[in-house]
Structures are given as structure tokens and as C-alpha cells.
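Engineer:
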């Protein structure tokens, strides 16, 4: 009689390929627990545990304590190869010879003016591997030779500067050369003067004039450059795909410059542009429409505090199938009808920021179209109900909105806040239909600022049962201060 051999049963949780996928969704605390389970798990989860080192808050009780982590790295060189992302303040730059063989991302907070030599030495050791560099600084000068050192970072593709200052002309020239090789550049609240123009050979070498590799650009509240000069800079980035341009202190001048930006877009300056964030510009409806008309695809649009109207909204309609992020708050001409159309027509939408949506009974009942944006992660809209008919109609309208919200099962942030306190906002009560939102299992943050609520212990207990990932609830849960304080205490105890 032949004997049959059966294949051994393989536990998927012992397969390194599966464990690597699981590791992507675990916190550092969870990873530190997993490495203790078995040898297989230790070998699979250990690299992920050491992938990112964050030494900016050494006072906190971190899983990897600062001194202990440095001691381990000094004594066990093999661990250094796991480190890919290093986040630190300049005072925490290691002062012993250490090199991370596979470091690709370095984020430094320039807190105090010391250990500068250590910082330059540390960067020099990793200059050949760094792909992403982020520097934040408060009113301090960088070492004079820093940008000269960075010119050797041939793999650097992304640079982020926040509260940063470039003071010397020589540093400025090296900075422009470095920028010419980047794919992503983010500058926020920084002072980076251009003595004449980035197009001028005197201050910017010829090889820096094209910015031919730049795909992503963010310019926010930059000092030392006029808005017209910033537009000139943006204009030479022909391969630009994503642009965020913000200047809160010169909004009146921005309105003029943005008109020129619209003309340049219509002339085909940026044929690959698909993500545009220009909040607080007060851009006119026609100018915004011209920009959108020039874009072959729209994935991200932030037109906060703009004059968005029928012309630009008609252009937005053409991109309903591709839009992933829409921020349209504080737009005077944005209507409830427009917002409802977005909810019913944008299947790829991940983020929607709008304003008040009027939900009268007749409108809610007449619109049978479901909300197709079931991939939404963040929704910030105030739903307001007009009691124009019987109370039963008012309640049915609210039930209808709860039903539509329940289909957004991926929601993580739900902001129902309002700038006007009234009794007509959505009521988070089980008697009004709150129970339908049990499907929002991923909800982390709920905001109800400015709304009048009448929640009780039952609603809080319900949230505890069904929203296990909820981290914060912002706003008054009950109009009664005493009741609100009681519920707030209960909320803190439950969560």
C-alpha cells in the first residue's frame, strides 16, 4: 500500500513576506512587543522597529530611549543598516562616529546654536545616501559652508525648509544649484532672498535656470521675495505637477499676481499640473476657471476663500472622476447644491472641506442619488436643517442624512462645526438617527464646535461601543454647562 505524504501546514503568520506587510500598520510599541514573540517574528519585525529613529522628544518615555538607543547603535553595528529615517534636533546629533548605511531621510529641528560641527559631520557621512532632507529653524543662521556640503548630495530629491534663513550671497548661489536637481521643494515661513532673480546668471548659475526635474513645489509665506518674483520662479518649472502657493500677509497683492498666474496657465506653462492649492488668494471665478481649464486632470484643489462660482464649478465638473481632495471653505458663492453634487459625483474623493449644506425636507426627499464618495477619509461640512414643515419631516430629513453618512465607512475625521450657533444643526442623538453611524469604525476625530447639542450618557456610551478608534471629540456635547462637564469627564474616562 502506498503511503501518501501530506504537505506540512504553513502558518501564514510565520511567513516573512506576510509579516513585512503587517509591520507597515503597527506602531512602534506594537513592533517592540512583536519582536519578543518568536525568532521568526524577531527577524521580520526588527528592521521595521529600527526603520525610523525619532530623537526630538527625548524627555518622553519612548520605547527606544535616547541614551539606550545610541548605546545599542554604537555596540551593534548591524542595527545601523536598518535605520532609514532619522528625526532629531541639532542638540541630539550623535557625537560619536556613527553612520547609517541605508539612511534616506533626515529631519532636523535646529533648536539651539551648538553641536554645529557634529551636524555638518553627520550630514557629510550620509551625503551619498540622503534622498530627503527636512530642516526647521527659528531665527538662526546655518553654518556658512552647509549648502556647499549639500551640493554633493546627488541623490537628494526632496528638500523641506521651515522657519529657515539664508543670509549669505554665496550660500544663496549654492542653494539655487541644489534646487535645480530636486524633484520636490517645500519652503514655509522662511527668508530666502533673491538678490535679483533666479533667472539672472549673476546670482543663479545657468544650470539652475531650468528646474527641469521639479515636480512638486510649496511656497508658503516666504520673505525676501516679491510675489511677482515667486511667480517668475514658478514659471520656469515646466514639469510641475503639484503646486501649493500661500501668502497670508499680502493677500491684496496676491489677487493681482494670481491673475497673471491664470494667464500663464491658460498659455500652457504647466501642462502636467494636476494638484493646485492656492488658498486665501481671493481669486476671481473666471481666473480660477481658466486655471482649471488648463489642467488635463485635477486631483487636488484648495480654493479656500476664493470667488469660486458657476464658471469654475463647471470646470470642476469635468474632473469629478479624478478629484481626490477639495477644499472650498469660505467661498461666498459656493452653494448647497454644488456641495451635494460633489458628494453624489466624485467616487475618488478622500477629503472634502466645504461650508453649510441646507437640508430641507423637500430637497433631501427629492434627491434619491446616493453619495458615491465612499472613500472619504475627511469630511468637513455643516449640515443645517430648516424646520419648514412638520416635525416628522424635519426628523425624516435628518434620518436621511445619517443614512448617507453611514455609507462613508472609511471616514476618519468628521467635522460638523458651524460658525453660527443655532438649533438647526444635525443632532447627534440616538433618537434622531445617530445609531446609523455605527459603520464609521475608523472614526478618529469628531468636531461639533459651534453647534447646539443635547447629548446624554446614552450617546457617549454608544460612541464608546461603536467608535473604538475615536481619539477626540471637540465641542460642546450639551448646551447645559453642567451636563457638558459631566459628559466630558465621562468621555475622558471611557476613551
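Residue numbers (the working numbering): -12 to 482.
The C-beta atom is built at its ideal place from N, Cα and C for all residues, glycine as well.
From a predicted model like this one, the values you see are computed outputs, not experimental measurements.
Touching or not, the region 0 to 11 and the region 64 to 76, by the rule of three or more beta carbon pairs under 8 Å?
Structural biologist: Segments in contact, no.
Engineer: Is residue 464 helix, strand or coil when you go by DSSP?
Structural biologist: Three-state DSSP puts residue 464 in coil, outside helix and strand.
Engineer: Let me know the secondary structure DSSP gives residue 387 once reduced to three states.
Structural biologist: If DSSP states are grouped into helix, strand and coil, residue 387 belongs with the helices.
Engineer: Say whether chain B places a C-beta atom closer than 9 Å to the C-beta of residue 338.
Structural biologist: Structure shown: chain B not included; a single protein chain is present.
Engineer: Give every residue of the same chain whose Cβ lies closer than 7 Å to the Cβ of residue 47, excluding the five residues on either side of it in the sequence, and list them in chain order.
Structural biologist: Confidence at residue 47 is low in this model, with a pLDDT of 48, below 50, so its placement is unreliable and the value that follows should be read with caution. Once the five neighbours on either side are set aside, residue 47 has no close Cβ partner at all.
Engineer: Which residues does DSSP list as the beta-bridge partners of residue 516?
Structural biologist: Residue 516 cannot be examined here, being either before or after the span of the chain that is shown, -12 to 482.
Engineer: Short of 7 Å in beta carbon distance, which residues of its chain neighbour residue 68, apart from the five on each side in sequence? Order them along the chain.
Structural biologist: The answer, listed in chain order, is 88 and 89.
Engineer: Which one or two residues does DSSP pair with residue 264 in a beta bridge?
Structural biologist: According to DSSP, residue 264 bridges with 231 and 289.
Engineer: My assumption, with CB atoms under 8 Å, is that residue 257 sits in contact with residue 227. Please give the rounded CB distance.
Structural biologist: With a Cβ gap of about 5 Å, residue 257 and residue 227 count as contacting.
Engineer: Please state whether DSSP places residue 112 in a helix, a strand or coil.
Structural biologist: Helix.
Engineer: Tell me, which residues are paired with residue 204 by DSSP?
Structural biologist: 172 and 230.
Engineer: I'd like to know if the region 412 to 431 and the region 449 to 469 are in contact, where contact means that at least 3 CB-CB pairs between them fall below 8 Å.
Structural biologist: Short answer: they touch.
Engineer: Measure from the alpha carbon of residue 15 to the alpha carbon of each residue in 436, 5 and 41, then state which is nearest.
Structural biologist: The residue with the shortest Cα to Cα distance from residue 15 is 41.
Engineer: Can at least three beta-carbon pairs, one atom from the region 243 to 256 and one from the region 302 to 321, be found at a separation below 8 Å?
Structural biologist: Flag = no, the region 243 to 256 and the region 302 to 321 do not touch.
Engineer: Which partner residues of residue 400 appear in the DSSP bridge assignment?
Structural biologist: Answer is 365 and 432.
Engineer: So, under 8 Å CB-CB, residue 197 and residue 167 are touching, yes? Tell me the CB distance rounded to an integer number of Å.
Structural biologist: About 7 Å separates the two Cβ atoms, so the contact holds.
Engineer: Verify whether the separation of the beta carbon atoms of residue 146 and residue 169 is less than 9 Å.
Structural biologist: Yes, these two residues count as a Cβ contact at 9 Å.
Engineer: From residue 213 to residue 241, what does the alpha carbon distance come to, in whole angstroms?
Structural biologist: Going by the C-alpha atoms only, they are around 10 Å apart.
Engineer: Please report the residue range of the beta strand (DSSP E) in which residue 120 lies.
Structural biologist: Start and end: 119 to 124.
Engineer: Check residue 12 in the structure and name its three-state DSSP category.
Structural biologist: Coil, per DSSP.
Engineer: Would you report the Cα separation of residue 442 and residue 58, rounded to the nearest angstrom?
Structural biologist: Near 52 Å, if we compare the C-alpha coordinates of residue 58 and residue 442.
Engineer: Find the nearest neighbour of residue 216 within the set 247, 225 and 200, judged by alpha-carbon distance.
Structural biologist: Comparing Cα positions, the closest option is 247.
Engineer: Measure from the alpha carbon of residue 359 to the alpha carbon of each residue in 391, 268 and 318, then state which is nearest.
Structural biologist: It is 391 whose Cα lies nearest to the Cα of residue 359.
Engineer: Rounded to whole angstroms, what's the CA-CA distance from residue 272 to residue 319? Just pull it up for me.
Structural biologist: If I take the Cα positions, the gap works out to 11 Å.
Engineer: Residues in the same chain with beta-carbon distance under 6 Å from residue 438, minus the five sequence neighbours each way, listed in chain order, please.
Structural biologist: Contacts found: 405 and 412.
Engineer: Under a Cβ-count criterion, where at least 16 other Cβ atoms within 10 Å of its own Cβ denotes burial, should residue 262 be classed as buried or exposed?
Structural biologist: Buried is the call here.
Engineer: According to DSSP, simplified to helix, strand and coil, what is residue 27?
Structural biologist: Helix.
Engineer: Using the three-state DSSP reduction, which class does residue 392 fall into: helix, strand or coil?
Structural biologist: Helix.
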